[in-house]
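Undergrad: Got a structure for you, written out below as structure tokens; questions coming shortly.
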Amino acid sequence: MAEFLRPAARAALWRWREVLVAGALAALGLWWAVESMGIVRWLGVTLVAIAAGAGIAGVQRARFRQDGQGPGIVMLDERRLVYMGPLTGGAMDVADMTRLELEPAAMPAPHWVLTGVGGQDLAIPVNAEGAEALFDVFAALPGIRSRAVLEVLERTPGARVTVWEKTRTLLH
383 MAEFLRPAAR AALWRWREVL VAGALAALGL WWAVESMGIV RWLGVTLVAI AAGAGIAGVQ
443 RARFRQDGQG PGIVMLDERR LVYMGPLTGG AMDVADMTRL ELEPAAMPAP HWVLTGVGGQ
503 DLAIPVNAEG AEALFDVFAA LPGIRSRAVL EVLERTPGAR VTVWEKTRTL LH
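Per the numbering used here, the sequence shown starts with residue 383, numbered consecutively.
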């Protein structure tokens, strides 16, 4: 079966997998809502609503995903982000992040630059293997807008852009 599809088509289907599953669930729910009666009809309506929400989230994830063929590996284990690259690497607790930036001029691909409490930076290529886990990390940051992250990633600006910065609490 794997040889049936070209590699580019298979990669596109894999990238948009959540949207495809949500579409299939929405079609099933719509069928139940139209063709059934009673509780099955309401289950169908509920399934369509759930599939719509999952489809919206799936579109955001698919827009964030890259090819995964970049240098290094990203791992997330109990809110600790680890990047192991061929030349650089490091680890950072998600709670210690104070700033998130996109560095478009980094080679061979743009990098996410995460700054920690002590000022240490962790640069992660946007197309590193496992970098799709960063979407959940970024979405959990207080006050961040997922749409802003996706827009910055898609338009690839000419200079470093701050996507999110932690608000500092003032004592006085």
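Quick reminder that beta carbons are idealized off the backbone N, C-alpha and C, glycines included.
Comparing alpha-carbon positions, which option in Val543, Pro468, Ala473 and Ala436 lies nearest aspartate 459?
TA: It is Ala473 whose Cα lies nearest to the Cα of aspartate 459.
Undergrad: Taking Cβ to Cβ, would you say methionine 492 is nearer than 9 Å to threonine 538?
TA: Just to set this straight, residue 492 is proline in the shown sequence, not methionine. In this structure, threonine 538 lies closer than 9 Å to proline 492 by Cβ.
Undergrad: Taking 8 Å as the threshold, find out whether the region 445-456 comes into contact with the region 400-419 through three or more Cβ pairs.
TA: Counting Cβ pairs under 8 Å, fewer than three are found: no touch.
Undergrad: Phenylalanine 386: buried (16+ other C-beta within 10 angstroms of its C-beta) or exposed?
TA: Classification of phenylalanine 386: exposed, given that the 10 Å Cβ count is below 16.
Undergrad: Please report the straight-line C-alpha distance between glycine 498 and glutamate 417, rounded to a whole angstrom.
TA: Answer to the nearest angstrom: the Cα atoms are 55 Å apart.
Undergrad: Looking only at C-alpha atoms, which of Met457, Ala434 and Thr428 sits nearest to alanine 515?
TA: Alanine 515 has its Cα closest to that of Met457, out of Met457, Ala434 and Thr428.
Undergrad: Since alanine 505 is in the alpha helix (DSSP H), which residue starts that stretch and which ends it?
TA: It is not in any alpha helix (DSSP H) - alanine 505 instead sits in the beta strand (DSSP E) that spans 503-507.
Undergrad: Taking the alpha helix (DSSP H) that glycine 440 belongs to, which residues open and close that run?
TA: It spans 421-446 - the alpha helix (DSSP H) in which glycine 440 sits, taken as one unbroken run.
Undergrad: In its own chain, which residues sit with a C-beta less than 7 Å from the C-beta of valine 441, not counting the 5 before and 5 after it?
TA: Cβ within range, chain order: Val401.
Undergrad: Would you kindly work out how many angstroms separate the C-alpha atoms of valine 395 and arginine 388, rounded to a whole number?
TA: According to the sequence shown, residue 395 is leucine rather than valine. Distance between the alpha carbons of leucine 395 and arginine 388: 11 Å.
Undergrad: From this set, Val519, Gly512, Leu523 and Val531, which residue's C-alpha is nearest glycine 454's C-alpha?
TA: The residue with the shortest Cα to Cα distance from glycine 454 is Gly512.
Undergrad: How big is the Cα-Cα spacing for alanine 431 and alanine 488?
TA: Answer to the nearest angstrom: the Cα atoms are 41 Å apart.
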